[in-house]
Amino acid sequence: MSTITLASKRRRAALRTLAFMSPWLIGFAVFFAYPLISTVYFSFMHYDGFRPPSWSGTKNWTYVFNDYPYFWPALRNTLWLVLVMVSLRVVFGLGVGMLITKIRTGTGVFRTLFYLPYLAPPVAATMAFAFLLNPGTGPVNAILDKIGIPAPGWFNDPTWSKPALTLLALWGVGDLMVIFMAALLDVPREQYEAAELDGASAWQRFRYVTLPNISPIVMFAVVTGVIQTMQYYTQPLIAGKVASGVIQGAGTQFEPGYPEKSTLTLPQLVYNLGFQRFDYGSACVVALVLFALSMVFTAFLMRRRGGLNLAGD
Amino acid sequence: MPEVMPKVIRKTAFALTASLALLTTACTGQSSSGANDDASKDTTINFWHAWSAPSETKAVKDLIAGFEKAHPNIHVNVVGNMTDDKMNQALRTGGDKAPDVISSFTTNNVGKFCSSNALIDLNPFFKKSGVDPATTFPKAMNEYTQYDGNRCTVPLLGDAYGLYYNKTAFEKAGITNPPKTWSEFEADAKKLTIPAGDGYKQLGFMPDYHGWETTTEHYFAQFSPTYFDTSGKSSLATDPAFKAGFTLQKKLVDELGGFQKLEKYRSKLGDEWGPKHPFHTGQVAMQLDGEWRLGMALDAKPKFDIGVAPLPVPDDQADQYGKGYITGTIAGIAATSKKQNAAWELVKYMTTDTDAVVGFSNAIHNVPSTLEALKSPKLKYDPRFKTFLDIAANPNSTTTPASINGGQYLVTIQQFGYDYESGKVTGLDAGLAGAAKQIDTDIAQAK
Amino acid sequence: MTQVLDKPVELRTPVSPAERTARRKALLEWIGVHSLGVAAALFFTLPFVFVFLTSLMSDTQALSRDLIPHTWEWGNYQKVFDTPGFLTWWKNTLIYAGLGTVLTVVSSIPVAYALAKFRFPGRNLSLMLVISMMMLPPQVIIIPMYLFWAKQLGLSGTLWPLIIPMAFGDAFSIFLLRQFLMTIPNEYLDAARVDGCGDLRTLLKVVLPMARPGIAAVALFQFFYAWNDYFGPQIYASENPGAWTLSYGLESFKGAHHTDWNLTMAATLLVMAPVILVFFFAQKAFVEGVTLTGVKG
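Chains as they are written, first to last, in our numbering: chain A, 5 to 317; chain B, 6 to 452; chain C, 895 to 1191.
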């Protein structure tokens, strides 16, 4: 009798699990696994949306890696963005977070002001910055000229376009600031006091008390920063479009990565190949490269990070 | 435990196979629709175009109103501000909301439209209606609306490019006539340049390829180049016209102050469509632009007399002075359309009815696209506009050929131009060969 | 001598030099910190100010380098509202964000609950898969997804291809909720089971009320994501202006108005404003939510 109850209990448990997990199971199969396999499939096909797909073997792969002039610049840009933009964001976010914890009067006001830019929708924020940093008519250069500092070309200058994008990213650092704030406030006061008693300097206190305590948060910030950089699409695209001043539909071709391929990112290539050149096969090749890179970065970072509290219970 | 795993696995596997089945059916090409509709019955068609300015959209409305008056049974749903990307997407997906008739600002996609059968071949329709394209449209326009014998588009108004010049500045500099040859042009540009500080008080001509209309496409038209040889390969490296064009432009850039100085000046200039256009303000004395610039310049009420002339030609082609670059808007019928006969009525009206073409041209200030319309007494235009009409009718005027991957080759040439004028690439021959190779590879990839 | 002249008790005894330097140091630190704070505040708020000022300039003045408008053209905002499609973009964005958020929350909760509280073979695998879905850039699968929605189902030119998948859980929401639900002590669940509640009732009656902050955070994030989404509408809705969202419409606004920076900046502010307003009303939930992700994620 006990075995029957056990088996039916097991089956009920299985049904229960299935019922609760079903939305995600369907979602995973239809919106993740299936498209991923199709992307691999299409990367070996020649398909332009009109004529039926035909097998083309490694032709798309050779094209993207050898002959597509935007591929390697996009990879280099991605590397630049991961190394520079992510780290600057983390450092700046930590700095601002620390600053806030030290401000006693009007903390709430400061915190709100610092956080607001993060809320600005990316398209709106990028357009605002493209206007502000316009070398000819923007207020920033107007002020710089008045002070007498040489004004860079920002979004119109290939050496300054990525720094300009980084500036935009730093402007929106509110989310990192908030989590760093919480982490900093969580550091036990006793440890600071003990360090002070030991005669530690401010820098030593930071290095030996603050950092170890907040390192999981720092790691989290770095991981999410890298993920966001892999997906960096809207801001560089809008910045290039606005800065190049190309009027849509006027017959002039839009130059991806304006200026001079300096703002190209891999996601933009997928759009260029798939929805401008209508070379779906090559677009899938770039998509797979993007996928592989994302997986590699996250696997690398997650390993370092240690436990994810998977066991639980 | 064994009961749970198989269930999960089975469910996933089922979903996967179902999706794969969907995938295979998703790969079908287009369903052919054919021209089976009755154009005399009551019907509605979708017309997508690229115009967006209020005056332009009104002109389109008037044009369509004229059509609906002549064909009361056909109603037209007009959608504006549609760029090529969006039209391309809609042509591939079809459906009720997809356009039946499209009109695009650029001739660049004609090759793609025709070779992939996104737009239908209109030759049979022309025959049925008794209209001969060869005698209806100017030569260059016939050229850019077809690809490989397949005429899938029709010209709907055209653009011609010429030289605008500041007559007052010319007088001040002692120049009596607009330049006819490149050497004269170069000399005039230098004479008209008045430097000031690290910029200019007046620049003779803004030669940079990034300068709106001074693209490689428009410059080189004056050199009458052949873009592709008979086997379809790019002749960028073999046709001396390109080498001459690139060399002369670079010389002009260097002589007017160098790339850095010019770019800095350019970044401070007003916008192409705004009120502070550098030609209107007198900051630039000569401007390479399309026929629409005349109307805009006059509206800005500049403090000088505006002169219009054809662009200069290379010294060794002096007898061809008067030619220019022709391009224009094109119209076509979607292959997915189920109302192709009704759509043809609209296309025929818009592109061949002389009064309709003339009226539209008057409203938008573009060059009319039929030989009849070019001669029509009902054409209203500033006498200076006649220069563009002559350029359009000139048999030596050139255009850029259609290619299977659209305007990609033009982008490649333009990108090389950026590199060459800025000094990033110094070896011209090697650079041209590299760009030609890129063009060939891109075309091979698209086949 | 007299009582009156005696120093009151509260007055401190004379300060020692060491205390004086310490207090000076504290004052300098206060000045330093607050100056930095003001500088940072300027950095974060000046862009908004410039955008606002520009939005009130006349057409020609917006192209100049002036910082303050000569005339205060409040009518610019009216012009933006009157732009054909502007209100449609609002409607579409609200539908996309609102409906999407509801669907995401409803479908993600049971999955998160199962991953947090059930024990079953394949649970760790599922969790890893959820995490890998989180890392996935949407561009990786866009081609087959687009072909599926557009060619197979004919849904291009609408926002449905973006909304429907949200009914099947969102990886990020699932993960976040799971982490949050794990902090709910199992004693509550056991107590509910003893009371005779099945799994569904336990979830609805016991767990959900306790999970309100987590759910609020997830809802806000999802709303945010949909409100700000540009890529999705660009791919699926671009061919039908009737389906455009604010993000996509804003970009085409610039295209139609070329150099009307004043109007474009006005439109930009109008797109930024609602999110900021929502923030002011839901500040606590926002900040808690962001903290949740950082600390528990």
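By construction, the Cβ of each residue, glycine as well, lies at the ideal position given by its N, Cα and C atoms.
Residue i in three-state terms, based on DSSP
i	result
B:Lys281	coil
B:Gly209	strand
A:Arg93	helix
C:Glu923	helix
B:Gln292	strand
A:Val177	coil
C:Ser910	coil
A:Ser47	helix
B:Thr403	strand
B:Thr29	Caution applies to B:Thr29, whose pLDDT of 44 falls short of 50 and renders its modelled position unreliable; the model cannot decide the point.
A:Ile151	helix
Under 7 Å between C-beta atoms of residue i and residue j
i	j	result
B:Ser109	B:Leu161	no
B:Phe264	B:Ser427	yes
B:Ile125	B:Ile338	yes
B:Asn51	B:Pro104	yes
A:Thr141	A:Leu270	no
A:Thr233	A:Val127	no
B:Tyr214	B:Tyr423	yes
C:Thr939	C:Ser952	no
Burial state of residue i, where buried means 16 or more other Cβ atoms lie within 10 Å
i	result
C:Ala956	buried
B:Asp101	exposed
C:Leu1056	buried
A:Phe133	buried
A:Gly255	Legend: pLDDT at A:Gly255 = 45, less than 50; position of this residue unreliable, value from coordinates given subsequently. Answer is buried; the Cβ neighbour count reaches 16.
B:Thr49	exposed
C:Gln1128	buried
A:Trp207	exposed
B:Gln151	buried
B:Phe175	buried
C:Phe1118	buried
7 Å Cβ cutoff, residue i in contact with chain A
i	result
C:Met895	Reliability fails at C:Met895, whose pLDDT of 46 lies under 50, so the model's placement of it is uncertain and the value that follows must be treated cautiously. No, C:Met895 lies away from the interface with chain A (no Cβ there is under 7 Å from its Cβ).
C:Lys1178	no
B:Ala123	yes
C:Asn970	no
B:Arg97	yes
Start-to-end residues for the beta strand (DSSP E) that takes in residue i
i	result
C:Gly1090	Counting along the chain, C:Gly1090 falls outside any beta strand (DSSP E), and DSSP gives it neither H nor E.
B:Trp53	48 to 53
B:Tyr330	First-last for B:Tyr330: undefined, no H or E at that position.
B:Asn171	159 to 171
A:Pro126	Not the beta strand (DSSP E): A:Pro126 falls in the alpha helix (DSSP H), residues 126 to 136.
A:Ile107	Taken as a continuous stretch (DSSP letters only), A:Ile107 belongs to no beta strand (DSSP E), as it is neither H nor E.
B:Ile107	106 to 109
Chain C within 7 Å of residue i, Cβ atoms only
i	result
B:Ala302	no
A:Val94	no
B:Gln450	no
A:Arg20	yes
B:Gly179	no
A:Gly158	Contrary to the premise, residue 158 of chain A reads as Trp rather than Gly in this sequence. Not one chain C Cβ lies under 7 Å of A:Trp158.
Alpha helix (DSSP H) segment containing residue i, residue limits
i	result
B:Asp89	89 to 98
B:His223	221 to 226
B:Asn147	144 to 149
B:Ser366	359 to 369
B:Gly312	Unbroken run through B:Gly312 is the beta strand (DSSP E), 311 to 314; no alpha helix (DSSP H).
B:Gln114	Before going on, a small fix: residue 114 of chain B reads as Asn here, not Gln. Careful: B:Asn114 lies outside any alpha helix (DSSP H) and carries neither H nor E.
Cutoff 7 Å: residue i Cβ touching any chain B Cβ
i	result
C:Ser1141	no
C:Ala1086	no
C:Ala933	no
C:Glu1133	yes
A:Pro77	no
C:Gly1048	yes
Contact test: residue i Cβ vs the ligand NAD heavy atom, cutoff 6 Å
i	result
B:Leu299	The ligand NAD is absent from the structure shown, which contains no ligands of any kind.
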